[in-house]
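Before any comments, here is the structure.
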Amino acid sequence: MIKHSVKDDLLHISIENMDFSYRIPLHSLGKTIKWRIGKYGTEGIEMKNVSKWTLQLFTKKGTEDKYLEQFKSIVQEYASGNSIDWTETVLAVYVQQEYHRLKSAEENLDETEIISILEEKYKLS
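In my numbering, the protein residues as written are 28 to 152.
Shown next as structure tokens:
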């Protein structure tokens, strides 16, 4: 479960069984970004209109879908006028997590192979 409260225009959140908490300015809660997956300087995979904070919170470690849904509800509550593409955001979380998994795999895949695997698996192009 995600616990949250608002104080001084900051959203305070903590996630059950995770060792972090965040303070997010309410004015930036609904911000979108272009998220690049892949090594800097390579073509990689680009995802558009994704939630900046969802990616920052949920791509470093594996996460359960219920946390993504809870965070989405919190964003909708406090930043209802946002232009976040939630389908793309959730996909970006999954692709980024898979990228990290493949990058640290024992097979030592190169960047091109990893991107190719991800594009095929998630039907990206």
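We treat Cβ as the ideally placed atom computed from N, Cα and C, and that holds for glycine.
All values reported here derive from a predicted model rather than from experimental measurement.
Query	Result
What are the partner residues of LYS30, as DSSP defines its beta bridges?	SER41
Checking the sheet assignment: what are the DSSP bridge partners for TYR49?	ILE40
Tell me where the beta strand (DSSP E) around GLU73 begins and ends.	72 to 78
So what does DSSP say about LYS150, is it helix, strand or coil?	coil
Give the range of the beta strand (DSSP E) segment to which ILE111 is assigned.	Premise fails: ILE111 is in no beta strand (DSSP E) and is neither H nor E.
Between the C-alpha atoms of ILE60 and GLN123, what's the straight-line distance to the nearest angstrom?	15 Å
Applying the criterion that 16 or more other CB atoms from any shown protein chain within 10 Å of the CB defines a buried residue, is THR69 buried or exposed?	exposed
Counting C-beta neighbours from all protein chains within 10 Å, is the total for MET28 16 or more, i.e. buried, or is it exposed?	exposed
Tell me whether the beta-carbon of LEU56 lies closer than 7 Å to the beta-carbon of TYR105.	yes
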